[in-house]
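Engineer: Attaching a single structure in structure tokens format; questions to follow.
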Amino acid sequence: MSCGTYELVVSREGKWWIIDAPAVDYRTQARTLSEVEEMGRSLLAGALGVDEESFNVTLRIEKPADVAARLAEAAEYDRAALESTRNAARDRREAARVLRDAYGLSAIDAARVLGVSRARVYQLLEDSFLEEQRPAGRDRARA
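Residues in the sequence shown are numbered consecutively from 1, following full-length UniProt numbering.
Below you can see the structure in the form of structure tokens.
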């Protein structure tokens, strides 16, 4: 039987991982991150007077500000990359469609112009058709 879930807030201070247990307003420390859960469980069990396995814990690891900033920047790059990938896929589909519709090229000729296989041209044209049928606001990242 579980006595609930307790959050442990973990931060780095010097060579130590500091473990705060807000539910009991206690603090302990560990040398390595792999020791944090065990030390936190022990702290909570002692403060609550229950067995260490009678409750669940979640860890919230607080990142240093410079690391958090780097991760936020990386997430922004990921978002921009996804947008670029979607734009590239859209442009490939449009190029295949224009070669077929405006220039009357066969799939084999369009493949040579685009530098892809004939099967890929058919995929692009199918994706282009599906894109035209899809309600506005729903994207695909297939390139």
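All residues carry an ideal CB built from backbone N, CA and C; glycine is no exception.
Taking the CB atoms as reference points, tell me whether Glu24 and Glu62 lie closer together than 8 angstroms.
Structural biologist: Reading the sequence as shown, one finds Val at residue 24 and not Glu. No. Outside cutoff.
Engineer: Do you know offhand how far Asn87's Cα is from Gln133's?
Structural biologist: Computed Cα separation, rounded: 18 angstroms.
Engineer: Are the beta-carbon atoms of Ala111 and Arg100 separated by less than 8 angstroms?
Structural biologist: No.
Engineer: Skipping 5 residues on each side, what residues in its chain have a beta carbon closer than 8 angstroms to that of Arg120?
Structural biologist: Hits under 8 angstroms: Ala111 and Leu114.
Engineer: Rounded to whole angstroms, what is the Cα-Cα separation between Arg140 and Glu76?
Structural biologist: Legend: pLDDT at Arg140 = 48, less than 50; position of this residue unreliable, value from coordinates given subsequently. In a straight line, the C-alpha of Arg140 is about 19 angstroms away from that of Glu76.
Engineer: According to DSSP, which residues form a beta bridge with Ser42?
Structural biologist: None, per the DSSP bridge assignment.
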